[in-house]
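K.L.:
Numbering (the working numbering), first residue to last: 106 to 247. Beta carbons: idealized from backbone N, C-alpha and C, even for Gly. Provided herewith is a single structure, encoded as structure tokens, for subsequent inquiry.
Have a look at this one:
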């Protein structure tokens, strides 16, 4: 089996760039919170939750990056696995939005319990959302 050092170098570079960007944005948001100056960004909870969903989902996509790089080499046209999107990716995405729902409707007890007791699970769901989204694309070999 032939291993391409360029592919793995690209993956390492992508992960490094991801972590640098994530920590820079996190530092920026933290400095705005400490200054109590929220005029530069959207209202704080929305931007904070959006930041987490975007970066956690993109981390999941980076985990599936090797799969896409291998699929790219195949001949055929790109297809979308609608079963995976409908029955796996979409429900995971909706469950990962529980923080948005809690911010909008704070009186729902079930969502409040999920937020308080399963916070790490929400992060894992967001990462899993990105991974299942990237794995939904494939090439149909003719």
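(1) Could you give the first and the last residue of the continuous alpha helix (DSSP H) run that contains residue 198?
(2) Would you tell me roughly how many angstroms separate the C-alpha atoms of residue 168 and residue 126, rounded to the nearest one?
(3) Keeping to the same chain, check which residues put their C-beta closer than 8 Å to that of residue 242; ignore five residues upstream and five downstream.
(4) With DSSP collapsed to three states, give me the class of residue 179.
(5) Which stretch, first to last residue, makes up the beta strand (DSSP E) that contains residue 242?
(6) Excluding the 5 residues flanking residue 232 on each side, which residues of the same chain have their C-beta closer than 8 Å to its C-beta?
(7) Given this structure, state the Cα-to-Cα distance separating residue 137 from residue 178, to the nearest angstrom.
(8) Whose C-beta lies closer than 8 Å to the C-beta of residue 114 among residues of the same chain, with five residues either side of it excluded?
(9) Sort out for me which residues DSSP pairs residue 185 with in a bridge.
(10) Per DSSP, what kind of secondary structure is residue 131 in: helix, strand or coil?
(11) Just to check my reading of the structure: residue 112 and residue 181 have Cβ atoms closer than 8 Å, yes? What is that Cβ distance to the nearest angstrom?
(12) Just checking my contact of residue 116 with residue 170 at CB under 8 Å: how many whole Å lie between their CB atoms?
(13) Sort 139, 156, 230 by Cα distance to residue 128 and report the nearest one.
P.N.:
Working from what's here:
(1) 195-201
(2) 16 Å
(3) 173, 176, 183, 184, 185, 186
(4) coil
(5) 242-245
(6) 161, 162, 164, 165, 168.
(7) Residue 137 and residue 178: Cα-Cα distance of roughly 44 Å.
(8) none
(9) 242
(10) helix
(11) Contact between residue 112 and residue 181 does not hold, since the beta-carbon distance rounds to 20 Å and is not under 8 Å.
(12) Contact between residue 116 and residue 170 holds, with the beta-carbon distance rounding to 6 Å and staying under 8 Å.
(13) Closest by alpha carbon: 156.
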